[in-house]
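Peer 1: Structure below; questions to follow.
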Amino acid sequence: MSNLELALKEMMGIDGSVGAAVVDYNSGMALGQLGSSKTLDLQIAAAGNTEVVRAKLRTMEQLGLKEDIEDILISLSAQYHIIRPVTGRKGKGLFLYMALDRGRANLALARHRLKDIEETLEV
Numbered sequence: 013m014s015n016l017e018l019a020l021k022e023m024m025g026i027d028g029s030v031g032a033a034v035v036d037y038n039s040g041m042a043l044g045q046l047g048s049s050k051t052l053d054l055q056i057a058a059a060g061n062t063e064v065v066r067a068k069l070r071t072m073e074q075l076g077l078k079e080d081i082e083d084i085l086i087s088l089s090a091q092y093h094i095i096r097p098v099t100g101r102k103g104k105g106l107f108l109y110m111a112l113d114r115g116r117a118n119l120a121l122a123r124h125r126l127k128d129i130e131e132t133l134e135v
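Next up, the structure:
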């Protein structure tokens, strides 16, 4: 099993997870995805969240911020969406995307697990 497949399975193993993807934000394409929700199209989510990441990076550059994005959290009434850019040398230009059922997820634990997964991801 590849490191990418393992990372996606680990992401889906987080309580409340309904979808996970590893996305290239240069192209907007998902390199891999897993999901159990019929209402969440991960290809559309990958493309749309690519724009979120690009916009935030542009804004940080314009503000002169010399920091890295740890994660971006989007809170919906029934879901959490977490975007976590991959910081390792082998994952530059990628981000992890995860959608969680808000009623079943522990947000703090999910963010902690996603950080661990991101640190070990090699693509």
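Residue 39 in our numbering sits at position 27 of the sequence shown, and the numbers go up by one each step.
Every residue, glycine too, gets a C-beta built ideally from N, C-alpha and C.
Thinking just about the alpha-carbon of each residue, which of GLU134, LEU133, LEU119 and ASP128 is nearest to the one in ASP27?
Peer 2: LEU119
Peer 1: Whose CA, out of ARG123, GLY25 and ILE129, lies closest to the CA of GLY47?
Peer 2: Checking every option, the nearest Cα to that of GLY47 belongs to GLY25.
Peer 1: Mind checking whether VAL30 and GLY44 have CB atoms under 8 Å apart?
Peer 2: no
Peer 1: May I ask you to report which of helix, strand or coil DSSP gives LEU112?
Peer 2: strand
Peer 1: For ASP128, does the three-state DSSP call read helix, strand or coil?
Peer 2: helix
Peer 1: From ASP36 to LEU108, what does the alpha carbon distance come to, in whole angstroms?
Peer 2: Counting only the Cα atoms, LEU108 lies some 9 Å from ASP36.
Peer 1: At 3 residues or longer, and completely inside the stretch 16 to 48: list those beta strand (DSSP E) runs for me, N to C.
Peer 2: 29 to 36 and 41 to 47
Peer 1: Just to confirm the assignment, what range does the beta strand (DSSP E) spanning ARG96 have?
Peer 2: From DSSP, the beta strand (DSSP E) with ARG96 extends over 91 to 97.
Peer 1: Going by DSSP in three states, ILE81 sits in which element: helix, strand or coil?
Peer 2: coil
Peer 1: Cβ atoms of ASP83 and ARG70: under 8 Å apart, would you say?
Peer 2: Against a cut-off of 8 Å, the Cβ pair of ASP83 and ARG70 comes out as no contact.
Peer 1: Using DSSP with H/G/I as helix, E/B as strand and the rest coil, what is LEU75?
Peer 2: Helix, per DSSP.
Peer 1: For LEU126, collect the residues of the same chain with a Cβ closer than 8 Å to its Cβ; drop the 5 residues on either side in sequence, then sort them by chain order.
Peer 2: MET23, ILE26, ASP83, ILE94, ARG96, LEU108 and MET110
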